[in-house]
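Visitor:
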Amino acid sequence: MLIGEPMPSQYDWRFQIFGFPIRVTWLFWIIAAALGYNQAMSLDENYQRLAPAVEGVSSPGFPILLCVWVAATLLSILVHELGHALAFRYFGIQSEIVLYHMGGLAIPTAGYLYQRGGFRRRLTDGNQIIISAAGPLLQLASGIVVGVGALLAGIYTGEIGSWLKWFSADASWFAGAQIPENAFTYALINFYVLISLWWPLFNLLPVYPLDGGHIVQHTIAIVRRTDGLYEANLIGAVVGFGVAWWFFRSGMTINALLFVSLAMSNVQAMQQQGPRIW
Ligand SMILES: [Zn+2]
């Protein structure tokens, strides 16, 4: 969830799932492709290098693998936003989903009470925490289901497998899982799992206005009986700069710049609100 709804345009792709209107802006495709460029390229290179030496190993080529990445991104972020939208619906509020260059948004459009009696339903802080958590948790769960399902089916595609080995010494139940001979199968599973594990984890970081920042804000609101915004922005600024520094050191400059801009917007919001007594 991020600031501001992008303007509708004639290049938007529109459809519905479970009665939720969904809009995909043209810039979503470009950013998704840019983010997956290196992944698709290195996967293709690895398979191309092995292909002459190992029988059966093949790759459909970089453009196809990049398309798989973009499709996996679309599906994974859609699952994330459906988590928010279903939680909104649970509390009687309709919403629409927009996928754009910053990821996804679930935007409340109207409450059922609003439609009938002219009153907007007011969400409690507890409701807001559930709505904010529902997106990343559903997405994370979907990634785990796909990753573990693949392992059970005997397909090893990194990520989930290496995480499970880290968590538990007993990895014998998927010891026989094989890396697929075709890069297409590998990409299909690996890209979906990769996005569905990392995207929600970064979204849960306590940096406003990521989901984690909203959860912090409403938790503070419950404890301190304020709106929690100043405190959430302060935490967001500190954590945001910290995460940016970590990304810079890891050589992931685009991610670093994203978190610098998030941290800056937290600082700006704090300046506008002015400090309160703690
Ligand atoms: Zn979210």
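Per our numbering, the very first residue in the sequence shown carries number 8; after that it's consecutive. Even for Gly, the Cβ is constructed at its ideal location relative to N, Cα and C.
Only counting the same chain, and skipping five residues up and downstream in sequence, which positions put a Cβ closer than 8 angstroms to that of P15?
Guide: Only R30 meet the Cβ criterion.
Visitor: Where does F198 fall in DSSP's three states?
Guide: Helix at F198.
Visitor: Could you pull out every residue in the same chain whose Cβ sits closer than 8 angstroms to the Cβ of L57, ignoring the five residues on either side in sequence?
Guide: Excluding positions up to five away in sequence, the list reads V64.
Visitor: Between H225 and ligand 1, is the CB less than 7 angstroms from at least one heavy atom?
Guide: Not so, every heavy atom of ligand 1 lies at least 7 angstroms from the Cβ.
Visitor: Any idea if T116 is buried or exposed, counting beta-carbon neighbours within 10 angstroms, 16 or more meaning buried?
Guide: Classification of T116: exposed, given that the 10 Å Cβ count is below 16.
Visitor: Looking at L73: is its Cβ nearer than 8 angstroms to the Cβ of Y54?
Guide: Cβ atoms of L73 and Y54: not closer than 8 angstroms.
Visitor: From the DSSP output, in three-state form, read off Q17 for me.
Guide: The answer is coil: DSSP assigns Q17 none of H, G, I, E or B.
Visitor: What do you reckon, is the C-beta of N210 under 7 angstroms from a heavy atom of ligand 1?
Guide: At least one heavy atom of ligand 1 is nearer than 7 angstroms to the Cβ of N210, so yes.
Visitor: Can you list, in chain order, the residues of its chain whose CB lies under 7 angstroms from that of A251, leaving out five sequence neighbours each side?
Guide: The answer, listed in chain order, is A263, F266, V267 and A270.
Visitor: Could you tell me which of L158, W205 and S203 sits nearest to G183, measuring between CA atoms?
Guide: Comparing Cα positions, the closest option is L158.
Visitor: Assign A60 to buried or exposed, taking buried as 16 or more other Cβ atoms, counted over all protein chains shown, within 10 Å of its Cβ.
Guide: That one is exposed.
Visitor: Closer than 8 angstroms by C-beta to S66: which residues in its own chain qualify, once you throw out the five before and the five after it? Chain order, please.
Guide: If we look at S66 and ignore the five residues flanking it on each side, its Cβ neighbours are L50, D51, Y54, Q55, A58, L72, N189, A190 and F191.
Visitor: With DSSP run on the structure shown, which of helix, strand or coil describes R232?
Guide: Coil, per DSSP.
Visitor: Is there contact here, the region 236–256 with the region 200–207, by at least three beta-carbon pairs under 8 angstroms?
Guide: The region 236–256, when compared against the region 200–207, does not touch it at the 8 angstroms Cβ threshold.
Visitor: In angstroms with no decimal places, state the Cα-to-Cα distance between G111 and V214.
Guide: Near 16 angstroms, if we compare the C-alpha coordinates of V214 and G111.
Visitor: Quick one: which unbroken alpha helix (DSSP H) runs of 4-plus residues sit fully inside the region 80–155? Chain order, please.
Guide: Taking only runs of at least 4 residues, the alpha helix (DSSP H) segments lying wholly in the region 80–155 are 119–124.
Visitor: Nearest to F22 by alpha carbon, out of A94, V75, I100 and I104?
Guide: When only C-alpha atoms are compared, the closest one is I104.
Visitor: Rounded to whole angstroms, what's the CA-CA distance from E12 to N134? Just pull it up for me.
Guide: Whole-angstrom Cα-Cα distance: 22 angstroms.
Visitor: Looking at I222: is its Cβ nearer than 8 angstroms to the Cβ of P187?
Guide: Cβ distance not < 8 angstroms, so I222 and P187 don't count as in contact.
Visitor: Does the beta carbon of H108 fall short of 7 angstroms from some heavy atom of ligand 1?
Guide: No - ligand 1 has no heavy atom lying nearer than 7 angstroms to the Cβ of H108.
Visitor: If we call anything under 8 angstroms between Cβ atoms a contact, is G286 one with A41?
Guide: Because the chain in this structure spans residues 8 to 285, residue 286 falls outside the shown range and cannot be described.
Visitor: Have a look at A228, I227 and L212 and flag the residue whose alpha-carbon is nearest the alpha-carbon of F248.
Guide: Selected option, being the one with the closest Cα: L212.
Visitor: With hydrogens ignored, establish whether the beta-carbon of S243 is closer than 7 angstroms to any heavy atom of ligand 1.
Guide: According to the sequence displayed, residue 243 carries Gly and not Ser. Checking every heavy atom of ligand 1 against the Cβ of G243, none is found closer than 7 angstroms.
Visitor: Can you look up I222 in the DSSP assignment and give me helix, strand or coil?
Guide: Helix, per DSSP.
Visitor: Can you grab the Cα-Cα spacing for the pair V245 / N273, in whole Å?
Guide: In a straight line, the C-alpha of V245 is about 9 angstroms away from that of N273.
Visitor: Would you kindly work out how many angstroms separate the C-alpha atoms of L195 and W76, rounded to a whole number?
Guide: The straight-line gap from Cα to Cα measures roughly 8 angstroms.
Visitor: Please confirm whether A78 and A92 have their CB atoms less than 8 angstroms apart.
Guide: The answer is no: Cβ separation not under 8 angstroms.
Visitor: Less than 7 angstroms separating the Cβ of P216 from some heavy atom of ligand 1?
Guide: For ligand 1, not one heavy atom lies less than 7 angstroms from the Cβ of P216.
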